[in-house]
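Peer 1:
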Amino acid sequence: MHDDRRLDEARPGRVLAERVWPAVHIRTAPLDVVRWDAPGEPVPAEEGINVPYAPARVGQGSGPGPEGRPLYRIARADLAVFEPQVWESALDLQVAGDLVRELDTGDPPLGTAACPGTGPGRSGPAGDPHHRPPCPHAPGPVLASPATTSSHRVSAVGHAHIDSAWLHRYARPCARPCAPAPTSCP
């Protein structure tokens, strides 16, 4: 059997970069920007509100900088609609991709981690704002499943010098890295 692990590990990243992240702000409209070069700072509010502003173009520089070059340059000005469901799906797919890279090749969840039920990285037509990206709850079932029997259980050990009050100082930093991975949920 062919070992396609590298392809499987790269697929979620490609899907994220090419389809899902661009769909987070898929609907955009051009935005007109105006500007005024202030003579210095601070500027009183009345003066800043009442000065004549001029239209700013993409590529135009602004702000005094070293050697006479502008500090800022307008690269793009768009009004974008944020799609929260797409953003949540992108985060889920990112977690699933990270999980696929961390799992051992013999771990049973490897085949289901990327996109359970839909196949890894499959999605609808690119650019369709009404299409929910793949894997709306991808990492949920995989993360809820128990680990394999050979998995390591994390242990933290502290040492108290004077009395047990010192133990808290050492146990807490040891426990922090383990906090995002609880063994059970209430």
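If you count the sequence shown from 1, position 138 lands on 142 in my numbering, and the numbers rise without skipping.
All C-beta atoms, glycine included, are put in the ideal place defined by N, C-alpha and C.
1. Are the beta-carbon atoms of E22 and V104 separated by less than 8 Å?
2. Kindly identify the DSSP beta-bridge partner or partners of S66.
3. Would you say V55 and I78 are within 8 Å of each other, going by their C-beta atoms?
4. If we count the other Cβ atoms within 10 Å of its Cβ and call it buried at 16 or more, is A94 buried or exposed?
5. Between the C-alpha atoms of G66 and V85, what's the straight-line distance to the nearest angstrom?
6. Between L107 and V19, which are expected to be in contact by the criterion C-beta below 8 Å, what is the C-beta distance as a whole number of angstroms?
7. Just the C-alpha distance for R39 and E87, rounded to the nearest angstrom, thanks.
8. Looking at the unbroken alpha helix (DSSP H) that takes in P26, where does it start and where does it end?
9. Among R80, P68, P16 and L35, which residue has its Cα nearest to the Cα of P43?
Peer 2: With the structure as the only source:
1. Here residue 22 refers to the residue found at position 18 of the sequence shown. Here residue 104 refers to the residue found at position 100 of the sequence shown. No, these two residues do not count as a Cβ contact at 8 Å.
2. For the purposes of this step, residue 66 is identified with residue 62 of the sequence shown, where counting begins at 1. The partner list for S66 (beta bridge, DSSP) reads Y76.
3. Locating residue 55 in the sequence shown gives position 51, counting from the first residue. Locating residue 78 in the sequence shown gives position 74, counting from the first residue. No.
4. Walking along the sequence shown from the start, residue 94 turns up at place 90. Buried: at least 16 other Cβ atoms inside 10 Å.
5. Taking the first residue of the sequence shown as 1, we reach residue 66 at position 62. Taking the first residue of the sequence shown as 1, we reach residue 85 at position 81. Residue identity check: residue 66 is Ser in the sequence provided, not Gly. One C-alpha to the other measures close to 27 Å.
6. As a first step, residue 107 is located in the sequence shown; it is residue number 103 there, counting from the start. As a first step, residue 19 is located in the sequence shown; it is residue number 15 there, counting from the start. Incorrect: roughly 18 Å between the Cβ atoms, too far for contact.
7. Your numbering for residue 39 matches position 35 in the sequence shown. Your numbering for residue 87 matches position 83 in the sequence shown. Near 29 Å, if we compare the C-alpha coordinates of E87 and R39.
8. Your numbering for residue 26 matches position 22 in the sequence shown. That run of the alpha helix (DSSP H) goes W25 to V28.
9. Within the sequence shown, numbered from 1, the residue matching residue 43 stands at position 39. The candidate whose alpha carbon is nearest that of P43 is P68.
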